[in-house]
Amino acid sequence: RLRKWQERIRTKDAGERNLQFALSETDRMASSLAIPRSVREVACVIYRRALDEDLIRGRSIEGVATSTLYAACRMEGIPRSLEEVAAVSRVERKEIGRTYRYVAQELNLEMEPVNPKKYVPRFCSELELSEEVQVKANEIIDTTTEKGLLSGKSPTGYAAAAIYAASLLCNEKKTQREVSDVAQVTEVTIRNRYQEQIEAMGIHE
Amino acid sequence: MTDPKDTINIENVVASTGIGQELDLQSVAMDLEGADYDPEQFPGLVYRTQNPKSAALIFRSGKIVCTGAKSTDDVHESLRIVFDKLRELQIQVNEDPEIVVQNIVTSADLGRNLNLNAIAIGLGLENIEYEPEQFPGLVYRLDEPEVVALLFGSGKLVITGGKKPVDAEHAVDKIVSRLEDLGLLE
DNA sequence: GCTTTAAAAAGTAAAGT
DNA sequence: ACTTTACTTTGCAAAGC
Chain X
275 RLRKWQERIR TKDAGERNLQ FALSETDRMA SSLAIPRSVR EVACVIYRRA
325 LDEDLIRGRS IEGVATSTLY AACRMEGIPR SLEEVAAVSR VERKEIGRTY
375 RYVAQELNLE MEPVNPKKYV PRFCSELELS EEVQVKANEI IDTTTEKGLL
425 SGKSPTGYAA AAIYAASLLC NEKKTQREVS DVAQVTEVTI RNRYQEQIEA
475 MGIHE
Chain E
432 MTDPKDTINI ENVVASTGIG QELDLQSVAM DLEGADYDPE QFPGLVYRTQ
482 NPKSAALIFR SGKIVCTGAK STDDVHESLR IVFDKLRELQ IQVNEDPEIV
532 VQNIVTSADL GRNLNLNAIA IGLGLENIEY EPEQFPGLVY RLDEPEVVAL
582 LFGSGKLVIT GGKKPVDAEH AVDKIVSRLE DLGLLE
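First to last, the sequence lines map onto chains X and E.
The first sequence begins at 275 in the numbering used here and counts up by one.
The second sequence begins at 432 in the numbering used here and counts up by one.
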């Protein structure tokens, strides 16, 4: 029983040391993604829960840290895509996605699917588009979603297409290349979603 | 309206069996034309049948996995071919070794588009996995029958994990009634 | 955990014409 | 732009690392 007790202490100490590393990594990634401190704190709370529930075993600390940061951004309504978090993490996108799904399931985070509208303010500001374009893009997303176009589609690609369409309608045109760069999706995806959306909106141009 | 059960199609059947005898895969690989054997990469020898189409994984222990068949009958027919091929190599194989179906993959069509967002929330976020950023299908795990269903926006679905063809029928019935109860089908 | 095999669903991506 | 190829997800067995 003494051995077990010592083992627990050792495990706990190791966990605490790893927690320090995880928190510094979360801070580093959050800084380069310009994620607010309040969201970093949420990420740390989720990481602590994952640690307490022993979900780190068999997974890399950095992978769990990246996943919890990704989850926290979604929970706080300012999502970063897996592409974006993967760009500042040393863990690849596929692993981040798998770890996120595992953690979300085990901790019962009950995450709702990302609403593409959540990406509109940030993408539009990076593209220096006006408030008018944002309003129009949101309108396109709402209307086409009601018509059932969103099922199965990537939120970033969906938002990117709506922003591209809105920029045209508001005479503030951005090229598909410019939008694809900030949204981290290909021009082909923007083209496909754009065609569906303007058709559903009944726009001819 | 067509019953979604009538749209069920078996796409793949995985089964296991064995000839109860150790094999020298190196020599089997030499004598069996079309056999792929790379023990460094994978311990099993791969042998493909053409009619019916399937892939058999043959192991040193004499155990065999058959995959890719479109029906349970095709599994038996494919394995009969594999057994005969082994007999041609002077390997003793019993009359009809026991064949156990391990997994059946089926596809089906509900005939209506689905609002996956509403379904994810309606069926309960704790039971569903829907991450369109990672995969376009919604993952729905059933308890009875114990299978996993992938639902798509088109209304098409994939059911896997079942061991009998009827599992897919029961699963489709349950999915349809659950979606109808939630008013999400139509 | 990974390795290999098969097949479907639909979205996304990349490479070649 | 269009086609082809390929990768994402689910389920399962096999033997071995």
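Glycine is no exception: its CB is placed at the ideal position from the N, C-alpha and C atoms.
Proximal residues of chain E, C-beta to C-beta of residue i below 9 angstroms
| i | result |
| --- | --- |
| X/K427 | P563, P567 and G584 |
Residue span of the alpha helix (DSSP H) that contains residue i, given as start and end
| i | result |
| --- | --- |
| E/N525 | Neither: E/N525 is in no alpha helix (DSSP H) and is coded neither H nor E. |
| E/Q533 | No alpha helix (DSSP H) holds E/Q533; the beta strand (DSSP E) holding it covers V531 to D540. |
| X/Y321 | R311 to D326 |
| E/S458 | L456 to D462 |
| X/V394 | V394 to E400 |
| X/T463 | E461 to M475 |
| E/G553 | L547 to G553 |
| E/I606 | P596 to D612 |
| X/E480 | Because chain X is modelled from 275 through 479, residue 480 of chain X falls outside the range shown and cannot be assessed. |
| X/V456 | Q450 to A457 |
Interface partners of residue i on chain X, CB under 7 angstroms
| i | result |
| --- | --- |
| E/A551 | P387 |
C-beta contact flag for residue i and residue j at 9 angstroms
| i | j | result |
| --- | --- | --- |
| E/N546 | E/L615 | yes |
| E/V524 | E/S447 | no |
| X/R354 | X/L307 | yes |
| X/A236 | X/A360 | This structure leaves residue 236 of chain X out entirely; chain X is present only between 275 and 479. |
| E/I489 | E/V459 | yes |
| X/G422 | E/G584 | yes |
| X/Y468 | X/Q450 | yes |
| X/L381 | X/L329 | yes |
| X/V459 | X/S428 | yes |
| X/V407 | X/I437 | yes |
| E/L517 | E/I450 | yes |
| E/A602 | E/V570 | no |
Per-residue contacts from residue i into chain E (C-beta, under 8 angstroms)
| i | result |
| --- | --- |
| X/N382 | E557 |
| X/G476 | Result: empty, since nearest Cβ-Cβ is about 19 angstroms, beyond 8 angstroms. |
| X/G332 | The contacting residues do not exist; X/G332 stays about 20 angstroms from chain E at best. |
Chain E residues whose Cβ lies nearer than 7 angstroms to that of residue i
| i | result |
| --- | --- |
| X/S355 | E564 |
| X/G337 | Simply none; closest approach about 15 angstroms. |
| X/G351 | Result: empty, since nearest Cβ-Cβ is about 16 angstroms, beyond 7 angstroms. |
Listed by chain order, chain X residues near residue i by CB distance under 9 angstroms
| i | result |
| --- | --- |
| E/L547 | P387, L424, S425 and G426 |
| E/N544 | G422 and S425 |
| E/E560 | R375, A378 and Q379 |
Outcome for residue i when other beta-carbon atoms lying within 10 angstroms are tallied against a minimum of 16
| i | result |
| --- | --- |
| E/D505 | buried |
| E/M461 | exposed |
| X/N412 | buried |
| X/N389 | buried |
| E/N548 | buried |
| X/L276 | exposed |
| X/S425 | buried |
| X/V377 | buried |
| E/E560 | buried |
| X/S404 | exposed |
| E/R543 | exposed |
| E/L613 | exposed |
| X/T463 | buried |
| X/P310 | exposed |
| X/S298 | exposed |
| E/E557 | exposed |
DSSP-derived helix/strand/coil call for residue i
| i | result |
| --- | --- |
| E/D467 | strand |
| E/D437 | helix |
| E/E442 | strand |
| E/R479 | strand |
| X/N292 | helix |
| E/K494 | strand |
| E/M560 | It should be noted that the sequence gives Glu, not Met, for residue 560 of chain E. Three-state result, E/E560: strand. |
| X/R375 | helix |
| E/T448 | strand |
| E/V570 | strand |
| X/S298 | helix |
| E/L510 | helix |
| X/I415 | helix |
| X/H478 | coil |
| X/L424 | coil |
| E/K516 | helix |
| X/S306 | helix |
| X/S441 | helix |
| X/V409 | helix |
Residue i Cβ short of 8 angstroms to the ligand GDP heavy atom set
| i | result |
| --- | --- |
| X/N292 | The ligand content of the structure shown is nil, which means the ligand GDP is not present either. |
Run of the beta strand (DSSP E) containing residue i, from where it starts to where it stops
| i | result |
| --- | --- |
| E/S502 | Taken as a continuous stretch (DSSP letters only), E/S502 belongs to no beta strand (DSSP E), as it is neither H nor E. |
| E/A431 | Any answer about residue 431 of chain E is impossible in this case: the structure gives chain E only from 432 up to 617. |
| E/G592 | K587 to G593 |
| E/V579 | V579 to L582 |
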